[in-house]
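Take any residue in the sequence shown, count from 1 to its spot, add 1146: that is its number in the working numbering.
Positions of the beta carbon are idealized from the N, C-alpha and C atoms, including for glycine.
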Amino acid sequence: MILIVAAQFDKSGNDVIEGLIASAIIVLESHKMSYKLVRVPGAVEIPIAVQRCVYADPKIDAVIALGCVIKGESDHYELVTQSVTQGLTALALKLDLPVVQGVLACHNAGQATDRISLGDEFAQTALALLETLPPRTR
């Protein structure tokens, strides 16, 4: 089973995160892969949700993290994107589990909208990792 953890906060104004989720699910369903969708308030909350869900459900074989962070006028954008990326990378290694970082880091809403369908690539990456890597020891 693939866990999708998606942030709810979407400053794009164009439902970019919903587009990411929808395009990821289309790929997973076309491959008859089961999945579970968990939503969290924002991108920073994704790593803790991933960790708790994986510990709670040993059937999770891979994770797709989805969100969208848009640069504003402060340094918050950099802090959020670094925190999420570092957290997800650390979790992948700690949990011995493929964790696909699908949190978009965009300079503006237009860039985010242009990437609205990338969920399919994130899902394809998760499937490829499951096919390529040997099964993890639980």
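N- and C-terminal bounds of the beta strand (DSSP E) containing residue i
i     : result
F1213 : A small fix is needed here, since residue 1213 is Gly in this sequence, not Phe. Note, G1213: beta strand (DSSP E), A1208 to I1216.
A1152 : I1148 to A1153
R1282 : Here R1282 belongs to no beta strand (DSSP E), and DSSP marks it neither H nor E.
Extent of the continuous alpha helix (DSSP H) to which residue i belongs
i     : result
R1198 : I1192 to A1202
A1170 : V1162 to S1176
Option nearest residue i by Cα separation, candidates the options
i     : options                       : result
P1193 : L1183, V1151, M1179 and G1218 : V1151
E1191 : V1215, H1177, G1159 and G1165 : V1215
Y1181 : A1251, G1218, I1148 and V1230 : I1148
S1158 : A1251, R1282 and T1227        : A1251
L1183 : N1160, D1161, Q1154 and I1262 : Q1154
D1161 : Q1257, V1209 and L1243        : Q1257
V1186 : I1163, K1178, A1168 and A1208 : I1163
H1177 : A1274, T1278, L1279 and I1262 : A1274
Own chain residues within Cβ distance below 6 Å of residue i, not counting five before or after
i     : result
E1224 : none
V1200 : I1206 and L1241
K1217 : Y1223 and H1253
Beta-bridge partners of residue i, as assigned by DSSP
i     : result
K1182 : L1149
Close-in-space but distant-in-sequence residues of the same chain around residue i (CB under 7 Å, 5 per side omitted)
i     : result
A1211 : V1151, I1192, V1196, L1234, V1245, V1246, Q1247, G1248 and V1249
R1282 : D1242 and L1243
A1238 : P1244 and V1245
A1272 : I1148, A1208, I1210, P1244 and V1246
Cβ shell of residue i (< 8 Å), same chain only, five flanking positions each side left out
i     : result
V1230 : A1189, V1190, I1192, P1193, A1211, G1213, V1215, Q1247 and V1249
Q1270 : V1173
Residue i: CB within 8 Å of a non-hydrogen atom of the ligand FMN
i     : result
D1203 : With respect to the ligand FMN, the structure offers nothing, as it holds no ligand at all.
Q. Fully enclosed by the stretch 1206-1278, which alpha helix (DSSP H) runs are 4 residues long or longer?
A. 1222-1241, 1255-1260 and 1265-1278
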